[in-house]
Amino acid sequence: MLQIRDLSVEVEGKGILHDVNLTVGIGETHAIFGPNGGGKTTLLMAIMGFPRYRVTKGQIIFKDQDIIGLSLDERARLGIGMSFQRPPVVRGVRTHDMVTACLESRGSDNGDTVGRLAERLNVVELMDREINYGFSGGEIKRSELLQLLAQAPDLVLLDEPESGVDLVNMSLIGQMINELLQKDLKRSRTRSCLIITHTGHILDYVHASKGYVLLDGTIPCERGALEVLDSIKENGYEGCVRCLCQSD
Amino acid sequence: MSVSERLASSRKRKELAEKALDKEAALGEDIDVTAYSSETVGEHSYQEEPSQFSAEEKAHMVQVGVTLDDLSQRGGTFVQKDQSVVHSSSRQDGVEVMGIAQALETHDWLEDYWWRAVSIDADKYTAHVELEQYSGYFIRTLPGVKAVYPVQACLYLAHSNLAQKVHNIIIAEEDSELHIITGCTTSPLQASGLHLGVSEFYIKRGASITFTMIHNWSPEIAVRPRSAAIIEDNGVFLSNFVCMKPVRTLQMYPAARCVGENAIVRFSSVLVAPPGSNLDVGSRVLLNAKGSRTEIISRVITTGGDIIARGYIAGSAPNVKGHLECRGLILSGQGMIHAIPELKGDLVGVDLSHEAAVGKIAEEEVEYLMARGLTRDEATATIVRGFLHIDIEGLPPQLAAELKHAIETSEKELI
Chain Y
48 MLQIRDLSVE
58 VEGKGILHDV
68 NLTVGIGETH
78 AIFGPNGGGK
88 TTLLMAIMGF
98 PRYRVTKGQI
108 IFKDQDIIGL
118 SLDERARLGI
128 GMSFQRPPVV
138 RGVRTHDMVT
148 ACLESRGSDN
158 GDTVGRLAER
168 LNVVELMDRE
178 INYGFSGGEI
188 KRSELLQLLA
198 QAPDLVLLDE
208 PESGVDLVNM
218 SLIGQMINEL
228 LQKDLKRSRT
238 RSCLIITHTG
248 HILDYVHASK
258 GYVLLDGTIP
268 CERGALEVLD
278 SIKENGYEGC
288 VRCLCQSD
Chain U
35 MSVSERLASS
45 RKRKELAEKA
55 LDKEAALGED
65 IDVTAYSSET
75 VGEHSYQEEP
85 SQFSAEEKAH
95 MVQVGVTLDD
105 LSQRGGTFVQ
115 KDQSVVHSSS
125 RQDGVEVMGI
135 AQALETHDWL
145 EDYWWRAVSI
155 DADKYTAHVE
165 LEQYSGYFIR
175 TLPGVKAVYP
185 VQACLYLAHS
195 NLAQKVHNII
205 IAEEDSELHI
215 ITGCTTSPLQ
225 ASGLHLGVSE
235 FYIKRGASIT
245 FTMIHNWSPE
255 IAVRPRSAAI
265 IEDNGVFLSN
275 FVCMKPVRTL
285 QMYPAARCVG
295 ENAIVRFSSV
305 LVAPPGSNLD
315 VGSRVLLNAK
325 GSRTEIISRV
335 ITTGGDIIAR
345 GYIAGSAPNV
355 KGHLECRGLI
365 LSGQGMIHAI
375 PELKGDLVGV
385 DLSHEAAVGK
395 IAEEEVEYLM
405 ARGLTRDEAT
415 ATIVRGFLHI
425 DIEGLPPQLA
435 AELKHAIETS
445 EKELI
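Order-wise, the sequence lines are chains Y and U. Counting in this note's numbering, the first sequence runs from 48 upward without gaps. Counting in this note's numbering, the second sequence runs from 35 upward without gaps.
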């Protein structure tokens, strides 16, 4: 599904990612851990194609094509979707409009789909509100996931889906992500996911097979997601990297 | 008032107007009114049946919310072409719709309202309106009457280089409810012209008026409306204004005076200035009575023209509350938006606030929408549509639909 080869990215002239490699197979979910400023969000933004995140080297292969030359919206229509950690407020544009736009971008008619989705995800009250305007942390996450469910991307990029969410809502967010990632399906699952997590809490709800630590713009090694998480808890990020890399 | 008193008062008015004939307005480019011709009242013939207007005229009027083929959703209709009243009718008992000259003959008390809200010598434009033969409309709801459907009024400029001078009086008697949609438009080939429109609104105790005005001029028209409203106890005045088509120069600064306790005023405006258009538009509210409240909202866009967006709220009574919101969007490197929000309070307990923002579309917002699969153009269009979306409380469904239609039609050209 996704192959990242020797990827280097700079933001406003400053190198953030250096020779990053990773591969996410069809139906797989991988977790990315790392300290603030390590480059986690930069990696997702570069995959999504935000112009500010300039690729200086390497390849991003999605569905067997290098997508580096594609624009943000072309990548979205090709099947990449992202949940933002701090999405902007767009005054006058309602959540409903965004969800409809997501449905339309994949050529789906909106019929009652929007209403049904909103009801199931308990976000009906958000539908008529201006997108992200005065939203709580939990409301932002639910609205982001609702949009992704409407967009139905093949590769889902989740930037800290648990941040700002209370324990009660965590379970709901977890359910939504599992639905988005077709976790009920085993062999026929087609959706893949890269999930950034600061605390690892989301992994209590969403199963991730592989895990990476993104430290100083590089990914030194990969392991099982829970193994990485345990090692971080025990040794810290740098300790984890030292420990896991040494065992390679 | 006796005949001699009336004559004396009329003479006094004329004298005041004569003195103000050269008085330049405080705001806006000065217009030489004498450069435009004046047409005699009654030049165009009266049309008993509104559907008999020409297809071209009707098509024009529909764009400003005035529909002449199907009157089932209208409480009354008034059409003025240049200086001539070419149609006026009411479809509901207790709702009066007629030309102002006819109204002055019908109601001898009407002079008491003549220039009570707007000053006769405010500037040369008000003076010219007084000195012209009277035209314009009179719309009134009798006490306790709730108008079911909106009354529609169209002021239509057909002759080239004409100065259309109108004086409108709108009265909602006690506990009545009146909805009006006014469309101001011009013939498509209209080379140039001037529209001077005085409108005086009187909202009595417990009454309400919603007034929705849609302007659809052409690039060589100069427009100088002069409007004011007086709102009594528990009265409500909702005024909506849409001007999204080219106009050479438009300057207006309507004022609403809350003289009764708990009066409510809301002004909402949606303005677009294409290249060559110059708009200086605002709303003023004077909260002079206890508990009166107001909200002024404007959304302005330049695609190359200049806009001064003004707002003024003055609070001078206990427990008054006012909020002013002006947002401007610059869609072209050529245009200019100058937002001037003003608040004045001179009493403890006055609660006034404003927010104003002028800028281009944030790239971050465009990219957010693009990440959902919208192209850059689609994302921009969605943001502009959202920007122009204003929720107006208390608007009857027909008016809300006309307003939405007017905005959406112009929006398409804009985007």
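Note that the Cβ used here is the ideal one computed from N, Cα and C, for glycine as well. Because the structure is a prediction, the values reported are computed rather than measured.
Handout entry: Segments of 3+ residues assigned as beta strand (DSSP E) that fall wholly inside the segment 308-342 of chain U
Key = Complete beta strand (DSSP E) runs here, min 3: 312-321 and 327-336.
Exercise for the section: Say whether chain U places a C-beta atom closer than 8 angstroms to the C-beta of serine 210 of chain Y. Expected result: no
Practice task
Using a Cβ cut-off of 9 angstroms, pull out every chain Y residue sitting near leucine 403 of chain U, in sequence order please.
Solution key: Asp120, Val137, Val140, Met145 and Ala148
Practice task
Would you please verify whether the beta carbon of phenylalanine 182 of chain Y is less than 8 angstroms from any beta carbon of chain U?
Solution key: no
Exercise for the section: Please confirm whether leucine 195 of chain Y and leucine 219 of chain Y have their CB atoms less than 8 angstroms apart. Expected result: No, they are not a contact pair.
Problem - lysine 279 of chain U, buried or exposed, once every other Cβ within 10 Å from all chains shown has been counted against 16 - result: Only buried fits lysine 279 of chain U, as 16 or more other CB atoms lie within 10 angstroms of its CB.
Problem - Coil, strand or helix - phenylalanine 271 of chain U by DSSP - result: strand
Exercise for the section: Take aspartate 53 of chain Y as the anchor and find which of Y:Leu232, Y:Ile73, Y:Leu90 and Y:Asn179 has the nearest alpha-carbon. Expected result: Y:Leu90
Exercise for the section: May I have a chain-ordered list of the alpha helix (DSSP H) segments no shorter than 4 residues that lie completely inside the segment 219-297 of chain U? Expected result: none
Exercise for the section: Report the partner residues of glutamine 114 of chain U according to the DSSP bridge assignment. Expected result: U:Val119 and U:Leu189
Handout entry: Alpha-carbon to alpha-carbon, valine 232 of chain U and valine 200 of chain U
Key = 6 angstroms
Handout entry: Distance, serine 36 of chain U Cα to alanine 297 of chain U Cα
Key = Between alanine 297 of chain U and serine 36 of chain U, the C-alpha separation is close to 34 angstroms.
Practice task
Indicate whether at least one CB of chain U lies closer than 8 angstroms to the CB of glutamine 112 of chain Y.
Solution key: no
Practice task
Would you tell me roughly how many angstroms separate the C-alpha atoms of alanine 187 of chain U and phenylalanine 245 of chain U, rounded to the nearest one?
Solution key: 11 angstroms
Handout entry: Contact set between glycine 178 of chain U and chain Y, taken where Cβ atoms lie within less than 9 angstroms
Key = Here the premise fails: no neighbours, minimum Cβ distance about 35 angstroms.
Handout entry: Rounded C-alpha distance that separates histidine 162 of chain U from glutamate 186 of chain Y
Key = 58 angstroms
Practice task
With DSSP as the reference, label arginine 52 of chain Y as helix, strand or coil.
Solution key: strand
Exercise for the section: Give the straight-line distance between the Cα atoms of tyrosine 402 of chain U and proline 134 of chain Y, rounded to the nearest whole angstrom. Expected result: 7 angstroms
Handout entry: Short Cβ contact (8 angstroms threshold) for arginine 406 of chain U with glutamine 198 of chain Y
Key = yes
Practice task
Output the boundary residues of the alpha helix (DSSP H) element that contains phenylalanine 421 of chain U.
Solution key: It spans 410-422 - the alpha helix (DSSP H) in which phenylalanine 421 of chain U sits, taken as one unbroken run.
Exercise for the section: Could you check the C-alpha separation between isoleucine 371 of chain U and proline 308 of chain U for me, to the nearest Å? Expected result: 12 angstroms
Exercise for the section: Quick one: grab the DSSP three-state call for aspartate 281 of chain Y. Expected result: Per the sequence shown, residue 281 of chain Y should be read as glutamate rather than aspartate. DSSP places glutamate 281 of chain Y in helix when its eight states are reduced to three.
Problem - Element boundaries [alpha helix (DSSP H), containing aspartate 155 of chain U] - result: Looking at the DSSP string, aspartate 155 of chain U is not in any alpha helix (DSSP H), and its letter there is neither H nor E.
Problem - chain Y within 8 angstroms of alanine 435 of chain U, Cβ atoms only - result: Under the Cβ criterion of 8 angstroms, alanine 435 of chain U is not counted among the residues facing chain Y.
Exercise for the section: Determine which residues of the segment 72-97 of chain Y have a Cβ less than 7 angstroms from any Cβ of chain U, and write them out in chain order. Expected result: Met95 and Phe97
Exercise for the section: Note down the Cα distance separating serine 55 of chain Y from threonine 103 of chain Y, rounded to an integer number of angstroms. Expected result: 6 angstroms
Practice task
Rank U:Ala415, U:Phe271, U:Ile424 and U:Leu408 by C-alpha distance to the C-alpha of glycine 154 of chain Y and give the top, closest one.
Solution key: U:Leu408
Handout entry: Own chain partners of tyrosine 168 of chain U with C-beta closer than 8 angstroms, once the 5 adjacent residues on each side are dropped
Key = Val75, Ile134, Ala135, Leu138 and His201
Handout entry: Under 8 angstroms between C-beta atoms of tyrosine 284 of chain Y and proline 82 of chain Y
Key = For the pair tyrosine 284 of chain Y and proline 82 of chain Y, the CB atoms are nearer than the 8 angstroms cut-off.
Practice task
Find the nearest neighbour of glycine 96 of chain Y within the set Y:Gly126, Y:Thr76 and Y:His254, judged by alpha-carbon distance.
Solution key: Y:Gly126
Practice task
Helix, strand or coil for cysteine 240 of chain Y, going by three-state DSSP, please let me know.
Solution key: DSSP places cysteine 240 of chain Y in strand when its eight states are reduced to three.
Practice task
Rank U:His388, U:Gly367 and U:Ala373 by C-alpha distance to the C-alpha of valine 315 of chain U and give the top, closest one.
Solution key: U:Ala373
Exercise for the section: Give the DSSP-derived three-state secondary structure of isoleucine 205 of chain U in the structure shown. Expected result: strand
Exercise for the section: On a CA-only basis, which of Y:Val140, Y:Ser152, Y:Val136 and Y:Leu291 is nearest leucine 119 of chain Y? Give me that one, please. Expected result: Y:Ser152
Exercise for the section: Could you name the residues of the same chain whose beta carbon sits closer than 6 angstroms to that of valine 119 of chain U, not counting the 5 residues immediately before and after it, in chain order? Expected result: Gly133
Problem - Bridge-paired residues (DSSP) for lysine 378 of chain U - result: U:Ala348
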